[in-house]
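S.K.:
Written out as structure tokens, the structure reads:
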């Protein structure tokens, strides 16, 4: 399962600098709007010490970590939904992402211009989200023509019409589509997903501010400052400092982070919070040829997890050999896990747990 995050925001708020820090990919980050002409895509390994520990025991030929695709999307401006700035082409790139990382600027600098010539995090957030909502309204209006006709012909389709109208009402009230509760109707939810509404995606607000303000106790203050909802996810980060950290390795990196009181990198924090936001977790496969981490949704059954490896594994699933991560580390191998009774056989109804090591048995 691919995890993809779209980095959005106004021009010159630190999006490309963040992208560079995350991916160490040398894309332009010059001090002018629209320096990002195409969406830059960075494939970033998901750090997981559990894979390192498994590898040290199994000694495989190859190690494959899960990855996150980061999309650095050009800065939005007022009128982007109508083609202003670099326009609709960039809004369309957001459609393909799992979630949005909305970078909001809260640092003053005479060297880095602000497209609106002022520092106001709340207004910046509102400008970007207004463009996304206007684009979604355009999508809704175009879909309503067909949906109304289908509901007129068949009353069974009225539930879909009601859902679209509820989304329309929310957007017209300046509310993101993701605030409209999900229904328990699979058909309705399938149609809703088919709309690819930009504001129906989960959002992480990343506040780019000075390092001395990047403290947990300031999260609520910044949530209020940008006018975000009480349950919104906020990450505070000095993107410039994170960019410098990305250029360091080993002891130099450790000492630099210690100097600023940082316990983890921007990448680690973003991925951890993204996993939590999207309800994701990892299971592992381990053998002499390969140790690999797999990303799945929490609540996946054993056959669904097997399907991430190959659809035949899901369709012809028989059983799964499962060992909990801690048990595998304590035992040191599959053989010893079996001998000690820590390996168990699980069937089609088994709900995979975070960190499970699994071997799938399937029909030919």
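Numbering (my numbering), first residue to last: 2 to 365. Where a beta carbon is used, it is the ideal one built from N, C-alpha and C, also for glycine. These figures come from a predicted structure and were not determined experimentally.
With DSSP as the reference, please indicate the residues paired to residue 335 in a beta bridge.
M.R.: One-based indexing of the chain shown puts residue 335 at position 334. DSSP lists no partner for residue 335.
S.K.: Could you give the DSSP three-state label for residue 352: helix, strand or coil?
M.R.: Within the chain shown, residue 352 is the residue found at index 351, counting from 1. Note: residue 352 maps to strand in three-state DSSP.
S.K.: If you follow the beta strand (DSSP E) that residue 63 is in, where does it begin and where does it stop?
M.R.: Mapped onto the chain shown, residue 63 falls at position 62. Where residue 63 is concerned, the enclosing beta strand (DSSP E) stretches over 63-65.
S.K.: Looking at residue 14: is its Cβ nearer than 9 angstroms to the Cβ of residue 104?
M.R.: Stepping through the chain shown from its first residue, residue 14 is reached at position 13. Stepping through the chain shown from its first residue, residue 104 is reached at position 103. Yes. Within cutoff.
S.K.: Give the straight-line distance between the Cα atoms of residue 328 and residue 51, rounded to the nearest whole angstrom.
M.R.: Against the chain shown, residue 328 aligns to sequence position 327. Against the chain shown, residue 51 aligns to sequence position 50. Approximately 12 angstroms between the Cα atoms of the pair.
S.K.: Restricting to runs no shorter than 3 residues, where is the beta strand (DSSP E) found entirely within the segment 231-306?
M.R.: Here the runs fully enclosed are 234-238, 281-287, 291-298.
S.K.: Whole-angstrom Cβ separation of residue 4 and residue 69, contact assumed at under 8 angstroms?
M.R.: By 1-based counting over the chain shown, the position of residue 4 is 3. By 1-based counting over the chain shown, the position of residue 69 is 68. Between residue 69 and residue 4 the Cβ distance is about 5 angstroms, and since that is below 8 angstroms, they are a contact.
S.K.: With DSSP as the reference, label residue 14 as helix, strand or coil.
M.R.: Reading the chain shown from its first residue, position 13 is the one you call residue 14. It is coil, neither helix nor strand.
S.K.: Among the candidates 178, 62, 163, 19, whose CA atom is the shortest distance from the CA of residue 102?
M.R.: The residue you call residue 102 lines up with position 101 of the chain shown. The residue with the shortest Cα to Cα distance from residue 102 is 19.
S.K.: Helix, strand or coil: which one does DSSP assign to residue 103?
M.R.: Position 102 of the chain shown, counted from the start, is the residue given in the question as residue 103. If DSSP states are grouped into helix, strand and coil, residue 103 belongs with the strands.
S.K.: Would a C-beta distance cut-off of 9 angstroms place residue 130 and residue 177 closer than the cut-off?
M.R.: Locating residue 130 in the chain shown gives position 129, where the first residue counts as 1. Locating residue 177 in the chain shown gives position 176, where the first residue counts as 1. Yes.
S.K.: Would you kindly check if the distance between the Cβ of residue 242 and the Cβ of residue 223 is under 9 angstroms?
M.R.: Taking the first residue of the chain shown as 1, we reach residue 223 at position 222. Taking the first residue of the chain shown as 1, we reach residue 242 at position 241. Going by C-beta atoms, residue 223 is not nearer than 9 angstroms to residue 242.
S.K.: Output needed for residue 289: all residues of its chain with C-beta closer than 8 angstroms, excluding positions within five of it in sequence on either side, in chain order.
M.R.: Start at 1 with the first residue of the chain shown, and residue 289 comes out as number 288. Result list for residue 289: 59, 60, 61, 62, in chain order.
S.K.: Can you round the beta-carbon distance between residue 123 and residue 228 to whole angstroms, since I take them to be within the 8 angstroms contact cut?
M.R.: Along the chain shown, one-based indexing puts residue 123 at 122. Along the chain shown, one-based indexing puts residue 228 at 227. About 5 angstroms; that satisfies the 8 angstroms criterion.
S.K.: So which of 324, 119, 65, 6 has the shortest CA-CA distance to residue 337?
M.R.: Along the chain shown, one-based indexing puts residue 337 at 336. Residue 337 has its Cα closest to that of 324, out of 324, 119, 65, 6.
S.K.: Cutting at 8 angstroms between CB atoms, please list the residues of its own chain near residue 254, excluding the five before and the five after it.
M.R.: Indexing the chain shown from 1 puts residue 254 at position 253. For residue 254, where only same-chain residues beyond five positions count, the Cβ hits under 8 angstroms are 246.
S.K.: Taking only the alpha-carbon atoms, compute the straight-line gap between residue 161 and residue 198 and give it to the nearest angstrom.
M.R.: Taking the first residue of the chain shown as 1, we reach residue 161 at position 160. Taking the first residue of the chain shown as 1, we reach residue 198 at position 197. Cα to Cα, residue 161 sits roughly 15 angstroms from residue 198.
S.K.: Could you compute how far the alpha carbon of residue 186 sits from the alpha carbon of residue 192?
M.R.: Here the question's residue 186 lines up with position 185 in the chain shown. Here the question's residue 192 lines up with position 191 in the chain shown. About 10 angstroms.
S.K.: In angstroms with no decimal places, state the Cα-to-Cα distance between residue 143 and residue 128.
M.R.: Position 142 of the chain shown, counting from 1, holds the residue named residue 143. Position 127 of the chain shown, counting from 1, holds the residue named residue 128. Roughly 23 angstroms between the two C-alpha positions.
S.K.: What residues match up with residue 362 in a beta bridge as DSSP calls it?
M.R.: Within the chain shown, numbered from 1, the residue matching residue 362 stands at position 361. Looking at the DSSP assignment, residue 362 forms a beta bridge with 320.
S.K.: Can you give me the C-alpha to C-alpha distance between residue 335 and residue 344, rounded to a whole angstrom?
M.R.: Sequence index remark: in the chain shown, residue 335 carries index 334 (1-based). Sequence index remark: in the chain shown, residue 344 carries index 343 (1-based). Those two C-alpha atoms are separated by around 8 angstroms.
S.K.: DSSP has residue 347 in a bridge; who is on the other side?
M.R.: In the chain shown, residue 347 corresponds to position 346, counting from 1. Bridge partners of residue 347: 321.
S.K.: Assuming residue 292 and residue 285 form a contact by the criterion Cβ under 8 angstroms, report the distance between their Cβ atoms to the nearest whole angstrom.
M.R.: On the chain shown, position 291 is the one that residue 292 refers to. On the chain shown, position 284 is the one that residue 285 refers to. 7 angstroms between Cβ atoms; contact.
S.K.: With DSSP run on the structure shown, which of helix, strand or coil describes residue 128?
M.R.: Counted from its first residue, the chain shown places residue 128 at position 127. Residue state, collapsed to three classes: helix.
S.K.: Going along the chain, which residues of its own chain have a beta-carbon closer than 8 angstroms to the beta-carbon of residue 2, five neighbours each way excluded?
M.R.: For the purposes of this step, residue 2 is taken as residue 1 along the chain shown, with counting starting at 1. Contacts found: 281, 295, 296, 297, 298, 309.
S.K.: Residues bridged to residue 71 by DSSP?
M.R.: By 1-based counting over the chain shown, the position of residue 71 is 70. Bridge partners of residue 71: 6, 43.
S.K.: Given this structure, state the Cα-to-Cα distance separating residue 248 from residue 135, to the nearest angstrom.
M.R.: In the chain shown, the residue the question calls residue 248 occupies position 247. In the chain shown, the residue the question calls residue 135 occupies position 134. Computed Cα separation, rounded: 39 angstroms.
S.K.: Check for me: the beta strand (DSSP E) holding residue 209 runs from which residue to which?
M.R.: Stepping through the chain shown from its first residue, residue 209 is reached at position 208. 204-209 is the span of the beta strand (DSSP E), which, as asked, contains residue 209.
S.K.: Is the CB-CB distance between residue 137 and residue 166 below 9 angstroms?
M.R.: Reading the chain shown from its first residue, position 136 is the one you call residue 137. Reading the chain shown from its first residue, position 165 is the one you call residue 166. For residue 137 and residue 166, no; Cβs fall outside 9 angstroms.
S.K.: Could you check the C-alpha separation between residue 46 and residue 342 for me, to the nearest Å?
M.R.: The count along the chain shown starts at 1 and reaches residue 46 at position 45. The count along the chain shown starts at 1 and reaches residue 342 at position 341. If you take the alpha carbons of residue 46 and residue 342, they lie about 33 angstroms apart.
S.K.: Grouping DSSP H, G and I as helix and E and B as strand, with all else coil, what is residue 120?
M.R.: By 1-based counting over the chain shown, the position of residue 120 is 119. Coil.
S.K.: Could you check if residue 109 is buried or exposed, using at least 16 other CB atoms within 10 Å of its CB as the buried criterion?
M.R.: Translated into the one-based positions of the chain shown, residue 109 becomes position 108. By the neighbour-count rule (16 or more Cβ atoms within 10 Å), residue 109 is not buried but exposed.
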